[in-house]
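Engineer: Residue numbers (my numbering): 61 to 227.
Note that beta-carbon positions come from the ideal geometry of N, C-alpha and C, so glycine has one too.
Sharing a structure, written as structure tokens. Questions coming.
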């Protein structure tokens, strides 16, 4: 191992001794510039790009949150205006199963939990989700206990990771 290293270093050392002081200075300056450029384009530039991407995602998520919050406030105000709802005695899972067909909603999973029903829904238009939840509330007295939604790449389309409904 030591011999291999010596066989590589020796020609470089001979070359170094053979060049003029001006060339040595030029090689040193270029080497320093190469190290600085490598650090910048290998570390700093990618970190800046990731930071910009993260900031853009944060702005996008804040906009989605604001939009969802506005829609939630609209739903709350509509509920207050509507007053009393008719309550149907049909089972909660039957109500959900039959109403998703009407709104063309892709139910991916339905899981009963005590007095509630937890559902996972595939990507759908947010307005469709709001209309469906409003229908469930008005017609059957179904309330949203918990909702976890994510924005998709398509504008106005969300994916419901978890929606817990109860009466």
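Please report the straight-line C-alpha distance between residue 115 and residue 67, rounded to a whole angstrom.
Structural biologist: Against the chain shown, residue 115 aligns to sequence position 55. Against the chain shown, residue 67 aligns to sequence position 7. C-alpha separation (whole angstroms): 51 Å.
Engineer: Check whether the Cβ atoms of residue 163 and residue 191 sit closer than 8 Å, and answer yes or no.
Structural biologist: To locate residue 163, count along the chain shown from 1; it is residue 103. To locate residue 191, count along the chain shown from 1; it is residue 131. Yes; because the gap between Cβ atoms is below 8 Å, this pair is in contact.
Engineer: Can you give me the C-alpha to C-alpha distance between residue 132 and residue 108, rounded to a whole angstrom?
Structural biologist: Locating residue 132 in the chain shown gives position 72, counting from the first residue. Locating residue 108 in the chain shown gives position 48, counting from the first residue. Near 36 Å, if we compare the C-alpha coordinates of residue 108 and residue 132.
Engineer: Tell me the start and end of each unbroken beta strand (DSSP E) in the segment 66-108 that is at least 3 residues and wholly inside, in chain order.
Structural biologist: None, since the segment 66-108 contains no complete beta strand (DSSP E) of that length.
Engineer: With C-beta atoms as the reference, is residue 234 less than 8 Å away from residue 221?
Structural biologist: Since the first residue of the chain shown is 61 and the last is 227, residue 234 is not available in this structure.
Engineer: Quick check: the Cα distance between residue 73 and residue 83, rounded to an integer number of angstroms?
Structural biologist: Start at 1 with the first residue of the chain shown, and residue 73 comes out as number 13. Start at 1 with the first residue of the chain shown, and residue 83 comes out as number 23. Spanning the two alpha carbons is a distance of roughly 14 Å.
Engineer: Label residue 79 either buried or exposed according to how many other C-beta atoms from any shown protein chain fall within 10 Å of its C-beta, with 16 as the threshold for buried.
Structural biologist: On the chain shown, residue 79 is found 19 positions in, with the first residue counted as 1. Under this definition residue 79 is an exposed residue.
Engineer: Can you find the residues in the same chain that come closer than 8 Å, C-beta to C-beta, to residue 6, ignoring five residues on each side of it along the sequence?
Structural biologist: Since the displayed the chain opens at 61 and closes at 227, residue 6 lies outside it and no answer follows.
Engineer: Given that a residue counts as buried once 16 or more other Cβ atoms are within 10 Å of its Cβ, and exposed if not, what is residue 206?
Structural biologist: On the chain shown, position 146 is the one that residue 206 refers to. Classification of residue 206: exposed, given that the 10 Å Cβ count is below 16.
Engineer: Along the beta strand (DSSP E) that carries residue 226, what are the first and last residues, could you check?
Structural biologist: What you label residue 226 is simply residue 166 of the chain shown in a count that begins at 1. Its beta strand (DSSP E) spans residues 217-226.
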